[in-house]
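Undergrad: Read in order, the letters of the sequence shown are residues 703 to 752 in our numbering. Cβ coordinates follow ideal geometry from the N, Cα and C atoms, glycine included. So that we are looking at the same thing, I have put the structure below in structure tokens.
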Amino acid sequence: SIAVINVLFTGRNRAVAFGLWGAVFGGAAALGPLLGGWLAQDFSWRWAFY
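What follows is the structure, given as structure tokens:
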């Protein structure tokens, strides 16, 4: 995905695209465990195997 951003965008648009990419992946890495913990606590861990 980084290679695609590098090819598709130039100049300032490339910097913005990389910033958005980093924000999305950073946010997902931060929120994923929180969401998983909430789901496991409220719906039991077994939901992940259905």
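1) Do you know how far the Cα of L737 is from the Cα of W749?
2) CB F711 to CB A719, shorter than 8 Å?
3) Express the C-alpha separation of G729 and P735 in angstroms, rounding to a whole number.
TA: Let's see:
1) Distance from the CA atom of W749 to the CA atom of L737, rounded to whole angstroms, is 13 Å.
2) yes
3) Distance between the alpha carbons of P735 and G729 is about 11 Å.
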